[in-house]
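Structure first, then comments.
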Amino acid sequence: MATFAIDADPRLTATDMTRIVELVYRKSGITLHDGKRALVVARLQKRLRALGLPTFAAYVDHVERDATGSEIVALLDAIATNHTYFFREDAHFTFLRTRIAAAHGGAGRPLEIWSAACSTGEEPYSIAITLLGLPSPIEFSILASDLSTRALAAAGAGVYKQSALGDVPRDILRAWFERGLGPQEGLARIAAPVRRCVTFRQLNLLELGELRDSYDVIFCRNVMIYFDRAVQQRVVSALERRLRPGGHLLISHSESLNGVAHSLRWVAPAIYQRGNH
Ligand SMILES: C[S@@+](CC[C@H](N)C(=O)[O-])C[C@H]1O[C@@H](n2cnc3c(N)ncnc32)[C@H](O)[C@@H]1O
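In this text, residue positions in the sequence shown follow our numbering: the first is 396, and each later residue adds one.
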């Protein structure tokens, strides 16, 4: 078997960076700015080592040749920003409780929600906790999807550092989290009744063809900031087609649909609604 002398610190050339930027854009829609060089080097070096590849050029060749598609998933896993937290942008959870769930009460079918870039699960679990805590419970289901298999594995496990839960109200912690003991000290796990409300699935927002269903509420927050206008347009059009009449699209308060063509009505900051037809 051939062995390679692996450079302790392979250099990322301008050509390598251009190829990686193009690959990431084509596969995920994410625009990697040159400021991300250090992140690309730090994160992809681990992949080079794991695969025994001597240079970034050899790595990109490997990704492009990989017919299984698993290495592009690993590359995107390494590059994507998964930062998130429970009850992020809490105005959305208030709107869900007081406006959407309240209006859905008599619909005679479950409220169907999709968390379309769910990262490590904090967003869909916050949705579930909000709805489980309603004084008059309603039936609901939550699909939570992301591109990153690494984030989805963490989401499915539902285990978080207690130090990351400092802003979660105490009554919610007591009701819906289990404290880790012994070797699990310092961790907290989402309780089973909350976990059961959420189905996780890997989905790329650029390849939604296989998703036939439509939803009453779509959370698509803090992902479009990584997309340029053309990709935002493509994603918003795809999401709009998967909203039920009267359904709501929730984006982040730091994102905007300015310059994106759509037929949704603005209802509140970062909340849009499809007409009733
Ligand atoms: C910053 S997190 C946002 C998490 C959560 N929605 C929130 O607002 O806190 C962005 C997520 O978008 C995912 N993502 C990036 N490009 C994607 C794509 N093309 N399809 C699906 N998910 C994508 C990343 O893997 C990451 O988990």
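Each residue gets a CB set at the ideal place from its N, CA and C atoms; glycine is no exception.
Flag this pair as yes or no: are the beta carbons of H487 and L645 separated by less than 9 Å? yes
3-residue-minimum beta strand (DSSP E) runs that sit fully inside the stretch 513-582, ordered along the chain: Entirely contained in the stretch 513-582, the beta strand (DSSP E) runs reaching 3 residues are, in chain order, 535-541, 554-556 and 572-574.
Given W571, which residues of its chain have a CB within under 6 Å of its CB, disregarding the five upstream and five downstream residues? Its chain contains I524, A586 and V589 as the residues whose beta carbon lies nearer than 6 Å to that of W571, once the 5 sequence neighbours on both sides are disregarded; these appear in chain order.
For R492, the first and last residue of its enclosing alpha helix (DSSP H): Judged by DSSP secondary structure, R492 falls outside any alpha helix (DSSP H); it is assigned neither H nor E.
Using the beta-carbon count (16 or more within 10 Å), is H478 buried or exposed? exposed
Through-space distance from T408 to L434, alpha-carbon basis: 14 Å
Based on the DSSP output, what are the partners of L506 in its beta bridges? The secondary-structure analysis by DSSP pairs L506 across a beta bridge with F535.
Can you look up H643 in the DSSP assignment and give me helix, strand or coil? In this structure, DSSP gives H643 an extended state, which the three-state scheme calls strand.
Cross-strand partners of I585 (DSSP beta bridge): F572
What residue range is occupied by the uninterrupted beta strand (DSSP E) comprising D608? Neither: D608 is in no beta strand (DSSP E) and is coded neither H nor E.
Any heavy atom of ligand 1 inside 8 Å of the beta-carbon of Y621? yes
Suppose contacts are defined by Cβ-Cβ distances below 9 Å. Is C592 in contact with L526 by that definition? yes
In the structure shown, what three-state DSSP assignment does V662 receive? strand
Count Cβ pairs between the stretch 462-473 and the stretch 602-614 that sit closer than 8 Å; are there 3 or more? Taking one beta carbon from each stretch, the stretch 462-473 and the stretch 602-614 have fewer than 3 pairs nearer than 8 Å; the two do not touch.
Per-residue burial, R624 [other beta carbons within 10 Å of its own, 16 or more giving buried]: exposed
Flag D541 as yes when its Cβ comes closer than 8 Å to any non-hydrogen atom of ligand 1, and as no otherwise. yes
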